[in-house]
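S.K.:
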Amino acid sequence: MASDLLSIARSGARVARTALDVTANNIANAKTEGYVRRSVSVAEVTAGSLNATPTGINLAGARITGIVRNADVFRQSEVRRTGSDAARASAEVAGLESVQTAIEQTGVYDSVVAFEGSLKQLVSDPTDGSLRAQVIEDGRTMAQTFNTAAQNLDAAGKGLRFEAQDGVDTVNRIAGEIAKVNLRLMRSGGDASGDQSTLLDQRDSLLQQLSDHADITTTINADKSVSVTLGGPTGTSLVSGAAAKTLSMASAANGTVSFSVNNQAVTLSSGAIAGKAQALVELAGARTQLDTIAGGIASAINTAQAGGVDLQGSPGQPLFSGTSAADIAMVASKGTAIATAPAGAAAGSRDMTNLAAMRGALETADPSGAVDTLQFGVSSAVAGRTITRDALAAIAGSAQSALSAQAGVNLDDEAVNLVRFQQAYQASARVMQVASDIFDSILSIR
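Numbers 174 to 619, taken from this note's numbering, label the letters of the sequence shown in order.
(1) Any idea what DSSP makes of P406, helix, strand or coil?
(2) Taking all protein chains shown into account, decide if I560 is buried (16 or more other Cβ within 10 angstroms of its Cβ) or exposed.
(3) Under 8 Å: do the region 370-384 and the region 206-213 share three or more Cβ pairs, one atom per stretch?
(4) Could you tell me which of G468, N427, F594 sits nearest to R334, measuring between CA atoms?
(5) Please report how far the alpha carbon of A452 lies from the alpha carbon of N320, in whole angstroms.
(6) So, at 6 Å on beta carbons, what are the nonlocal neighbours of Q573 in its own chain, with the 5 sequence-adjacent residues on each side left out?
(7) Is it the case that the region 242-249 contacts the region 547-563, given that we only count it when at least three CB pairs across the two stretches are under 8 Å?
(8) From the DSSP output, which residues share a beta bridge with F493?
(9) Since R261 contacts G408 with CB under 8 Å, what's their CB separation in whole angstroms?
(10) Considering only the alpha carbon of each residue, which of V285, S433, I351, I389 lies closest to P540?
(11) Between the Cα of S442 and those of A189, R187, G480, H386, spot the shortest distance and give me the residue it belongs to.
(12) Just to confirm my understanding: we take A189, look at its own chain, exclude 5 residues before and 5 after, and list those with CB closer than 7 Å. What are they?
(13) Can you tell me whether DSSP reads P515 as helix, strand or coil?
(14) Please confirm whether A471 and T509 have their CB atoms less than 8 Å apart.
(15) Buried or exposed: where does F432 fall if 16 or more other Cβ atoms within 10 Å of its Cβ makes it buried?
(16) Taking 8 Å as the cut-off, decide whether the C-beta atoms of A459 and V272 are in contact.
(17) Examine the Cβ distances between the region 388-402 and the region 301-312 and report whether three or more of them are shorter than 8 Å.
(18) From the beta carbon of A423, is the nearest beta carbon of chain C less than 8 Å away?
(19) Would you grab the beta carbon distance between S184 and A267 for me? Rounded to a whole angstrom, and I think it's under 8 Å.
(20) Just confirm the distance between the C-beta atoms of R357 and L372, as a whole number of angstroms; I'd bet it's less than 8 Å.
(21) Please report how far the alpha carbon of L178 lies from the alpha carbon of E217, in whole angstroms.
(22) Based on Cα-Cα distance, which residue from G517, G444, D301, A569 lies nearest to E265?
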């Protein structure tokens with residue numbers, strides 16, 4: 174009996190000691206990024222059971238069956254999926270805000286309205302030098318404002334492409350690290366006797382980082398290595414075993430970007446890189462509209478100029494050069510260049526027929542309305558995407574909280590475990606002492 178007590182107590186002490194070590198490790202890593210809480214899996218020892226009778230019971234103690242990582246694969250997948258969606262929305266909103274700033278804060282709308290207003294004022298006296306000079310000055314300011322807006326959009330696009338390329342580089346770096354972790358996991362042969370928890374923590378942490386940049390689909394293999402597909406379940410393989418492929422980015426003439434893995438095209442639908450790519454599409458659309466508006470102003474004014482004569486009675490010459498927001502410029506240096514009179518009119522004519530034609534052409538082009546529509550479209554997109562971003566962030570936060578509740582370290586719970594396992598260890602030690610005393614007593618009998 175004493176030997177049975179000693180064996181049972183010894184197994185209990187071993188289990189309690191290991192549980193204390195695991196608890197201490199949890200506490201030490203409570204703030205470690207990517208650490209998943211461990212727990213001890215315990216089972217009753219069946220060897221040596223007393224089963225001679227139907228009512229026989231097992232009196233062989235306890236044993237450790239393994240160290241368990243408290244991580245739910247489904248919850249981890251949900252955190253990656255929702256986090257990737259939130260990252261895409263956040264990156265897209267940031268990009269759209271840059272577009273909005275480039276257009277609105279440069280004052281394009283106000284400058285167009287001012288130019289239209291100065292042409293309207295010229296109707297009161299088409300020969301007035303100050304009114305003519307005001308038209309030229311407002312036209313010059315408008316053109317420069319378009320130039321600035323175009324430059325700002327170009328700068329925003331350049332920044333987005335730089336950030337997207339940085340994201341691509343990060344994806345390739347993480348993919349390489351995952352491949353290395355896979356190799357170590359495969360070399361371990363899935364041996365449960367070895368503690369792979371640290372490697373698995375590294376694997377899951379890297380997958381989480383990767384999902385922030387691009388949408389991924391993962392498959393956990395029998396040896397605990399992971400296969401990663403980029404661009405959804407039907408996308409392109411990025412990591413397989415110890416091999417990682419390379420994600421590349423290419424820029425089109427309009428500033429938008431596309432992606433490929435080892436020269437095989439891939440479409441990214443979530444993650445920060447996808448958000449920046451979508452923002453570049455929106456930016457390209459806004460730039461096209463801005464160019465159309467600027468080109469329309471130059472064309473309308475220059476065409477009308479060609480149909481009249483200036484204040485000197487000379488045929489009207491173009492007031493603007495350029496065909497886009499980036500290159501539109503006021504080329505007239507003096508107000509006398511404005512062709513307000515019809516062709517054939519004498520110098521100094523007060524006939525405003527061509528001025529009316531000029532204003533009519535500008536009204537038909539409606540540049541102020543077009544700029545207003547552009548600004549409204551961008552601001553509406555920002556507002557709508559912001560609502561989506563906030564909603565996705567809340568969903569991602571809920572998924573992360575659910576995972577943290579399971580996989581994270583709760584110091585209060587671990588403190589309770591410390592006391593519980595310490596008491597179990599002390600109780601097992603006490604049983605061993607009792608077994609020793611019983612054995613000594615038996616030996617002392619004569």
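Just so it is clear, CB atoms sit at the ideal spot from N, CA and C, and this is done for glycine as well.
M.R.: With the structure as the only source:
(1) Here residue 406 is taken as the residue at index 233 of the sequence shown, counted from 1. In the structure shown, P406 sits in coil (DSSP, three-state: anything other than H, G, I, E or B).
(2) Counting from 1 along the sequence shown, the entry for residue 560 is found at position 387. So I560 counts as exposed.
(3) yes
(4) The sequence position of residue 334 within the sequence shown is 161, counting from 1. For R334, the nearest C-alpha among the options comes from N427.
(5) As a working mapping, residue 452 is identified with position 279 in the sequence shown. As a working mapping, residue 320 is identified with position 147 in the sequence shown. Near 21 Å, if we compare the C-alpha coordinates of N320 and A452.
(6) Within the sequence shown, numbered from 1, the residue matching residue 573 stands at position 400. Correct list, in chain order: V252.
(7) no
(8) For the purposes of this step, residue 493 is taken as the residue at position 320 of the sequence shown. F493 is bridged to M503.
(9) Here residue 261 refers to the residue found at position 88 of the sequence shown. Here residue 408 refers to the residue found at position 235 of the sequence shown. Contact doesn't hold; Cβ gap of about 15 Å is too wide.
(10) Walking along the sequence shown from the start, residue 540 turns up at place 367. With distances taken between Cα atoms, P540 lies closest to V285.
(11) Position 269 of the sequence shown, counted from the start, is the residue given in the question as residue 442. Looking at the Cα atoms, H386 is the closest of the given residues.
(12) Numbered from its first residue, the sequence shown carries residue 189 at position 16. Result list for A189: F594, A597, Y598, S601, in chain order.
(13) Along the sequence shown, read from residue 1 onward, the residue named residue 515 stands at position 342. In the structure shown, P515 sits in a strand (DSSP, three-state: E or B).
(14) Residue numbering aside, residue 471 sits at position 298 when the sequence shown is read from its first letter. Residue numbering aside, residue 509 sits at position 336 when the sequence shown is read from its first letter. Against a cut-off of 8 Å, the Cβ pair of T509 and A471 comes out as no contact.
(15) Counting from 1 along the sequence shown, the entry for residue 432 is found at position 259. Label assigned to F432: buried.
(16) Your numbering for residue 459 matches position 286 in the sequence shown. Your numbering for residue 272 matches position 99 in the sequence shown. Yes, they are a contact pair.
(17) no
(18) Here there is only one protein chain, and chain C is not present.
(19) The residue you call residue 184 lines up with position 11 of the sequence shown. The residue you call residue 267 lines up with position 94 of the sequence shown. About 58 Å separates the two Cβ atoms, so there is no contact after all.
(20) Start at 1 with the first residue of the sequence shown, and residue 357 comes out as number 184. Start at 1 with the first residue of the sequence shown, and residue 372 comes out as number 199. Contact flag correct, Cβ pair sits at about 6 Å.
(21) Working through the sequence shown from its first residue, we reach residue 178 at position 5. Working through the sequence shown from its first residue, we reach residue 217 at position 44. Those two C-alpha atoms are separated by around 15 Å.
(22) On the sequence shown, position 92 is the one that residue 265 refers to. Minimum Cα distance to E265 is reached at G444.
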